[in-house]
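Asker: In the UniProt record's numbering, the protein residues as written are 1 to 388. My structure is below; once you've seen it, I'll send some questions.
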């Protein structure tokens, strides 16, 4: 007996809205408005815009969120409306994720599962209570996914302009945003380079693209104090600054005595390359440790409840994602784009610094939710059919 779900799209969206509002109300009552270490950079930049537009070299890569804060503070200095708007935008993101997943997979139930996973994934929605860019960046990722698929279905000028606006907003919301752009370019590049024509154009285009990537990478990395992290062997950012922490030794890789540290006066990207070349095995060990800590979504200093929630929710999602990939449950082009996005984002984080509170993991949730939802749905269908 085949498993049949007769959930209308309207009922599904209403159900998801109720669940989201309930979870959001609980989180808002628990956390209220959270101002943390990075919050002043956005608030200060937004306030300075009252005197006119200017480019802050370090914070321009968060300009979308700065404008978001600026618009709210134009009417009131209270931070409460910002948080309320972040939760409301988060609801729009849920609807966008549902529609994108449904269009991508053809299953309303898969879309519902993906949204429920996204809502209940640990360390996700509660960022809407924080004055941090992670909130709107996560929402914009879901919204951009919807408009990407919408444009693919209908390549109208209106859809293209809307998509480009959303992508620009994403690009200037967080320094790891190039992962999204590169993920979109990958399928196009594969198709383009597989065509034997236009060899000269490909060569020139490749050189220009490579130079642009190097320039942007150097500009974006400047703010991350990467060389300090490398030289101290921090797996978690600034762990060397708190030697009294009982887990500090666990989260630091002891640098070798002959560690080569390049002159800090040169371009950061050049210094990083020089450091990697001269300390290759130490660097590989450090980045591998960062990567494992990052994708595990577990920190030894978290509470047991927090750790268990991550293990119960995140780790099985990897398993069901593997099922979705192995059983080819998703179009190969979309799969390659999602994979490239997740890989590049993870490598950017692992190659720079892994944060204390795991907020850099949040941008992986949309892709993880979609793929794991496919795996869960397919597994349940198979189990049901085998019983029937």
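Beta carbons are placed, not taken as given, at the ideal position from N, Cα and C, and that holds for glycine. Note that the structure is predicted; figures quoted are calculated from it, not measured.
(1) Quick check on the DSSP output: the alpha helix (DSSP H) that includes residue 92 runs from which residue to which?
(2) Specify, as a first and last residue, the run of the alpha helix (DSSP H) that residue 321 falls within.
(3) So what does residue 290 bridge to, in DSSP terms?
(4) Whole angstroms is fine: what's the gap from residue 37's alpha carbon to residue 43's?
(5) Residue 324: which of 380, 350 and 297 sits nearest, CA to CA?
(6) According to the Cβ coordinates, are residue 55 and residue 69 closer than 8 Å?
(7) Could you tell me whether the segment 121-138 touches the segment 356-363, where touching means 3 or more Cβ pairs closer than 8 Å?
(8) Assuming residue 322 and residue 235 are in contact, meaning their beta carbons sit under 8 Å apart, how far apart are those beta carbons, in whole angstroms?
(9) Which residue wins for smallest C-alpha separation from residue 187, given the options 155, 338, 89 and 303?
(10) Does DSSP put residue 34 in a helix, a strand or coil?
(11) On a CA-only basis, which of 276, 40, 105 and 206 is nearest residue 328? Give me that one, please.
(12) Let's test the definition: count the other Cβ atoms within 10 Å of the Cβ of residue 90 and tell me whether it reaches 16, buried, or not, exposed.
(13) Quickly, what does DSSP pair residue 130 with across the bridge? List them, please.
(14) Assign residue 261 to one of three DSSP states: helix, strand, or coil.
(15) Measuring straight from C-alpha to C-alpha, what distance separates residue 301 and residue 349?
(16) Which residue comes first and which comes last in the alpha helix (DSSP H) that contains residue 337?
(17) Which of the three DSSP states, helix, strand or coil, is assigned to residue 354?
(18) For residue 55, which three-state DSSP category applies?
(19) State the Cα-Cα distance for the pair residue 270 and residue 263, rounded to the nearest angstrom.
(20) Taking the Cβ atom as the reference point for each residue, do residue 87 and residue 128 lie within a distance shorter than 8 Å?
(21) Measure the C-alpha to C-alpha separation of residue 2 and residue 335 and round it to an integer number of angstroms.
(22) Just to confirm my understanding: we take residue 124, look at its own chain, exclude 5 residues before and 5 after, and list those with CB closer than 8 Å. What are they?
(23) Would you say residue 30 and residue 131 are within 8 Å of each other, going by their C-beta atoms?
(24) Closest to residue 76 by C-alpha separation, out of 51, 97, 46 and 102, would be which residue?
(25) Please state whether DSSP places residue 242 in a helix, a strand or coil.
(26) Out of curiosity, what's the CA-to-CA distance linking residue 293 and residue 256?
(27) How would you label residue 150, buried or exposed, when you count the other beta carbons within 10 angstroms and need 16 or more for buried?
(28) How is residue 136 classed by DSSP in three states: helix, strand or coil?
(29) Excluding the five sequence neighbours on either side, which residues of its own chain have a C-beta within less than 8 Å of the C-beta of residue 354, listed in chain order?
(30) For residue 5, I'd like the list of residues in its chain whose CB is within less than 8 Å of its CB, leaving aside the five on either flank, ordered along the chain.
(31) Does the distance from the C-beta atom of residue 51 to that of residue 72 stay below 8 Å?
(32) Identify every residue that forms a DSSP beta bridge with residue 252.
Answerer: Taking the definition as stated:
(1) Sequence index remark: in the chain shown, residue 92 carries index 92 (1-based). Per DSSP, the unbroken alpha helix (DSSP H) holding residue 92 starts and ends at 80-105.
(2) Working through the chain shown from its first residue, we reach residue 321 at position 321. 304-326 is the span of the alpha helix (DSSP H), which, as asked, contains residue 321.
(3) Mapped onto the chain shown, residue 290 falls at position 290. Looking at the DSSP assignment, residue 290 forms no beta bridge with any residue, so it has no partner.
(4) Counting from 1 along the chain shown, the entry for residue 37 is found at position 37. Counting from 1 along the chain shown, the entry for residue 43 is found at position 43. Between residue 37 and residue 43, the C-alpha separation is close to 11 Å.
(5) Counting from 1 along the chain shown, the entry for residue 324 is found at position 324. It is 380 whose Cα lies nearest to the Cα of residue 324.
(6) As a first step, residue 55 must be located in the chain shown, where it is residue number 55. As a first step, residue 69 must be located in the chain shown, where it is residue number 69. No. Outside cutoff.
(7) yes
(8) Position 322 of the chain shown, counted from the first residue, corresponds to residue 322. Position 235 of the chain shown, counted from the first residue, corresponds to residue 235. Between residue 235 and residue 322 the Cβ distance is about 25 Å, and since that is not below 8 Å, they are no contact.
(9) Position 187 of the chain shown, counted from the first residue, corresponds to residue 187. When only C-alpha atoms are compared, the closest one is 338.
(10) Working through the chain shown from its first residue, we reach residue 34 at position 34. Note: residue 34 maps to strand in three-state DSSP.
(11) Reading the chain shown from its first residue, position 328 is the one you call residue 328. Selected option, being the one with the closest Cα: 105.
(12) The sequence position of residue 90 within the chain shown is 90, counting from 1. Residue 90 is classed as buried because its beta carbon has at least 16 other beta carbons within 10 Å across all chains shown.
(13) Within the chain shown, residue 130 is the residue found at index 130, counting from 1. Residue 130 is bridged to 34.
(14) As a position in the chain shown, residue 261 is number 261, starting the count at 1. The answer is coil: DSSP assigns residue 261 none of H, G, I, E or B.
(15) By one-based count along the chain shown, residue 301 stands at place 301. By one-based count along the chain shown, residue 349 stands at place 349. Rounded to the nearest angstrom, the two C-alpha atoms are 20 Å apart.
(16) Numbered from its first residue, the chain shown carries residue 337 at position 337. Start and end: 332-351.
(17) Position 354 of the chain shown holds residue 354. Residue 354 falls in the strand class under three-state DSSP.
(18) Here residue 55 refers to the residue found at position 55 when the chain shown is read from its first residue. Reduced to three states, the DSSP call for residue 55 is coil.
(19) The residue labelled residue 270 in the question sits at position 270 within the chain shown. The residue labelled residue 263 in the question sits at position 263 within the chain shown. If I take the Cα positions, the gap works out to 10 Å.
(20) Residue 87 sits at position 87 when you count from the first residue of the chain shown. Residue 128 sits at position 128 when you count from the first residue of the chain shown. Yes; because the gap between Cβ atoms is below 8 Å, this pair is in contact.
(21) Sequence index remark: in the chain shown, residue 2 carries index 2 (1-based). Sequence index remark: in the chain shown, residue 335 carries index 335 (1-based). For residue 2, the predicted model reports a pLDDT of 42, less than 50, meaning its position is unreliable; a value from the coordinates is still stated below. Between residue 2 and residue 335, the alpha-carbon positions lie close to 27 Å from each other.
(22) Residue 124 sits at position 124 when you count from the first residue of the chain shown. Excluding positions up to five away in sequence, the list reads 118, 138, 362 and 365.
(23) Mapped onto the chain shown, residue 30 falls at position 30. Mapped onto the chain shown, residue 131 falls at position 131. Contact flag unset, no.
(24) Numbered from its first residue, the chain shown carries residue 76 at position 76. Nearest C-alpha to residue 76: 46.
(25) As a first step, residue 242 must be located in the chain shown, where it is residue number 242. Coil, per DSSP.
(26) Taking the chain shown and counting its residues from 1, the one referred to as residue 293 is at position 293. Taking the chain shown and counting its residues from 1, the one referred to as residue 256 is at position 256. Straight-line Cα distance between these residues: approximately 21 Å.
(27) For the purposes of this step, residue 150 is identified with residue 150 of the chain shown, where counting begins at 1. Burial call: buried.
(28) Sequence index remark: in the chain shown, residue 136 carries index 136 (1-based). Here residue 136 sits in helix by DSSP.
(29) Position 354 of the chain shown, counting from 1, holds the residue named residue 354. Short of 8 Å from the beta carbon of residue 354, and not among the five residues preceding or following it, lie these beta carbons of its own chain, in chain order: 235, 236, 237, 290, 293, 294 and 360.
(30) Here the question's residue 5 lines up with position 5 in the chain shown. The pLDDT assigned to residue 5 is 49, lower than 50, so where the model puts this residue is not dependable; a value taken from the coordinates is nonetheless given after this. Counting only Cβ-Cβ distances below 8 Å, and skipping sequence neighbours, we find 108 and 109.
(31) Stepping through the chain shown from its first residue, residue 51 is reached at position 51. Stepping through the chain shown from its first residue, residue 72 is reached at position 72. Not in contact: residue 51 and residue 72 (Cβ atoms no closer than 8 Å).
(32) Position 252 of the chain shown, counting from 1, holds the residue named residue 252. Residue 252 pairs with 234.
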